[in-house]
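Trainee: Sequence lines, in order, name chains A and B.
Note that UniProt numbering has the first sequence beginning at 1, numbered continuously upward.
Note that UniProt numbering has the second sequence beginning at 1, numbered continuously upward.
First the structure, then my questions, so here it is.
There are 2 protein chains.
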Amino acid sequence: MSQAATKRVVHPYYPVDLVLDHYVPNTFTMKDTLIVLFSAFGSIAVGALILSYQRRQSTLKGLGNQLTFLWYAMCGFIHFFLEGYFGVYHRTLAGDQFFLAQIWKEYALSDSRYLSSDSFVLIMERITAFAWGPLAFYTAYAMYFNTPGRHVAQLIISLGQIYGCVLYYLTTMVEGSPHCDPHPYYYYFYFGFFNIFWMVVPSILMSNSIKHLYRAMKVVHQQETAGVKAKKFK
Amino acid sequence: MSQAATKRVVHPYYPVDLVLDHYVPNTFTMKDTLIVLFSAFGSIAVGALILSYQRRQSTLKGLGNQLTFLWYAMCGFIHFFLEGYFGVYHRTLAGDQFFLAQIWKEYALSDSRYLSSDSFVLIMERITAFAWGPLAFYTAYAMYFNTPGRHVAQLIISLGQIYGCVLYYLTTMVEGSPHCDPHPYYYYFYFGFFNIFWMVVPSILMSNSIKHLYRAMKVVHQQETAGVKAKKFK
C-alpha cells in the first residue's frame, strides 16, 4: 500500500485522492493557454463576421442575425474540434501535450472529470461534438442561405446544448463539486462563466425558434381550417 | 475494517461491493411487482383509449394518432409519478416499502444507480419527471384539441427523451455495465427492453414533427417570397 502510494504521480486536480498516474504537467503556462484559446476564438469570429457581412442586406440583416451566425460558427468549431478532441483522446489526455490537450488540462483544474474519463462527461461530450457540432454548422448554413430548416435545426441544437449543460453543471454540483478546485478563479471563471454561455444563448435562441415554428404552424392550421370550411360551403 | 465488513447489509444488487446499509428486501415478489405495474399501465391505457375514442372522427383520426395520444398519456404518468417518486425519494429508496419504491427496488436489479443516488441518473430523472412529465400531458392535450403547439412540444419532449435515454444506456455500458445483474432477464428485459421504447417511439415521433414543422416553415417561406415579389411588381 505504502509502496503504491509513493509511486503515485502528484497532480493539481480535485479531488486530491484522484489517481492520474499518466499526468504530465503542461509546457504552456495558464496565460499561454488562454492566449492560444482566445486567439483561435478570435480568428473564427473574424472569419464568421467577414462571411456574414456579405449577407448583411439579405439573409443576415441586423445585429441579432449576425451574432447568431457567429454563435453557430463558434459552436461548430468548439464542439467538433475542441470537444471532439476530448471525445476521442480522453483516455490519454492527462499525459498529452498537443495544444488542444493542454487547453483541456488547464480547464480540468475546474473539472477533473475531463481527465478521469467520467462516463457522463464522456458520452455527453461525444454527443455534443459529433451531433451538435455538425448541426451547428448546418444551422449557420441554413441561416446564411435562408432555408426553411433553420428553426427546426436551431430548436434541436439549442435544446441539446441546454440539456447537456444543465446535466453537466448539476451532476457535479449535487455532489458538492468535488471535481473542481475550490479557488473562485477556477470555480466561477472556468466552471461557471465558460459554460454559462451554453445555457443563456441557447435559451434565447430556442424561445425564438419556438415562436417562429408556432407561428408557422398557426398559419398552416388556419389555412387548413379555412380549406375545410370552404369545402363545406361548396 | 473486518468489523465494518460484518456490519454490512447483504443485498442482491451489482456491483456486489456496493454499500446499501439502508436496504430492506421487498415484501412484494417479482411477480406481484410486475402485476401491479402492468395493471397500472393497463388502467392508464384504458382511460386514455376511452378519451381518445371520443375524438376518433376529428382530432385523433386513425390508429397512429390514437396510439400517439396513448403514448403521451402513459409518458405523463410514468415520468411524473413513477420517475418523480425516484427524483424525490432516491436517498431512502433502498429501505422504502411504498409500492412505487418496491417497483424501483425490483427494477434496480438491472441498474443499482437508482438506489445509490448516482448523480447522472438523479438529475436526468428529475428533468424527465418534472419537465418531460408535464410536457407529455401538454402534448396529449395539444393533440386532443388540435392546437398549433403540438408539434413543437412533440419535438422538444422527443429529443429530451432520446437524449436522456442515450445517456442513460451509454453511461453505464461504457464502463461495462457494472450496475446491472448480468443475468439476461435483468440485462435484456429490464435494462434493455423497458427503456428501448424511449429510443424507438420518440425517434419516430420526432421525425414526424420535424416533417410537419419543416413543411409549415416552407409554406410561410414561400408566402413571404411571393409577398416580396408582388411588392416589387407593384
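For every residue, glycine included, the Cβ atom is placed at its ideal position computed from N, Cα and C.
Below 8 Å, how does it come out for the stretch 112-126 of chain A and the stretch 40-51 of chain A: are there three or more Cβ pairs, yes or no?
Mentor: These segments do not touch.
Trainee: Given the structure, does B:H11 come close to the ligand PLP, in the sense that its CB is under 7 Å from one of the ligand's heavy atoms?
Mentor: By its list of ligands, the structure shown contains no ligand whatsoever, and the ligand PLP lies outside what it can speak to.
Trainee: For chain B, check one thing: does any of its Cβ atoms lie closer than 8 Å to the Cβ of A:V201?
Mentor: No - not a single Cβ of chain B is within 8 Å of the one on A:V201.
Trainee: Going by the beta-carbon positions, is the gap between A:T92 and A:L205 smaller than 8 Å?
Mentor: No, these two residues do not count as a Cβ contact at 8 Å.
Trainee: For A:L159 and B:G133, which I take to be in contact (beta-carbon distance under 8 Å), what is that distance rounded to the nearest angstrom?
Mentor: Between B:G133 and A:L159 the Cβ distance is about 16 Å, and since that is not below 8 Å, they are no contact.
Trainee: Is A:R8 helix, strand or coil by DSSP?
Mentor: DSSP places A:R8 in coil when its eight states are reduced to three.
Trainee: Please work out which residues of its chain come closer than 7 Å, Cβ to Cβ, to B:P12, disregarding the five sequence neighbours upstream and downstream, and give them in chain order.
Mentor: L109.
Trainee: In or out: A:A153 buried (at least 16 other Cβ within 10 Å) or exposed?
Mentor: So A:A153 ends up on the buried side.
Trainee: Decide if A:Y144 is buried, meaning its Cβ has at least 16 other Cβ atoms within 10 Å, or exposed.
Mentor: That one is buried.
Trainee: Quick one: is B:A230 near chain A, going by C-beta distance under 8 Å?
Mentor: Not one chain A Cβ lies under 8 Å of B:A230.
Trainee: Go ahead and pull the three-state DSSP assignment for A:N208.
Mentor: Here A:N208 sits in helix by DSSP.
Trainee: What are the start and end residues of each continuous beta strand (DSSP E) run of 3 or more residues lying completely inside the stretch 29-65 of chain A, in chain order?
Mentor: Listed in chain order, nothing qualifies, since the stretch 29-65 of chain A has no complete beta strand (DSSP E) run of 3 or more residues.
Trainee: Identify, in the order they occur along the chain, each residue of the same chain with its Cβ nearer than 6 Å to the Cβ of A:V24, setting aside the five sequence neighbours on each side.
Mentor: Taken in chain order, the residues that qualify are G95.
Trainee: At a CB-CB cut-off below 7 Å, which residues of chain B make contact with A:T171?
Mentor: Going along chain B in sequence order, the residues near A:T171 (Cβ under 7 Å) are S119, F120 and I123.
Trainee: DSSP three-state label for A:Y23, please.
Mentor: Residue state, collapsed to three classes: coil.
Trainee: According to the Cβ coordinates, are B:G76 and B:F137 closer than 8 Å?
Mentor: Cβ distance < 8 Å, so B:G76 and B:F137 count as in contact.
Trainee: Could you please tell me which residues of the stretch 4-18 of chain A, in chain order, have their CB closer than 8 Å to any CB of chain B?
Mentor: Result list empty, no residue passes.
Trainee: With a cut-off of 8 Å, does the C-beta of B:V174 fall near any C-beta of chain A?
Mentor: Output row for B:V174: interface = yes.
Trainee: How many Å lie between A:D32 and A:Q102 at the Cα?
Mentor: Their backbone Cα atoms lie some 10 Å apart in a straight line.
Trainee: By DSSP, does B:T172 sit in helix, in strand, or in coil?
Mentor: Note: B:T172 maps to helix in three-state DSSP.
Trainee: Step through the CB atoms of chain A and report whether any lies within less than 8 Å of the CB of B:P134.
Mentor: Not an interface residue.
Trainee: Measure the C-alpha to C-alpha separation of A:Y89 and A:E125 and round it to an integer number of angstroms.
Mentor: Going from the Cα of A:Y89 to the Cα of A:E125 covers about 12 Å.
Trainee: Please determine, among B:S203, B:K61 and B:G176, the residue with the shortest C-alpha to C-alpha distance to B:C165.
Mentor: When only C-alpha atoms are compared, the closest one is B:S203.
Trainee: Mapping the DSSP letters down to three states, classify residue 256 of chain B as helix, strand or coil.
Mentor: No information on residue 256 of chain B is available, as it lies outside the stretch 1 to 234 that chain B covers here.
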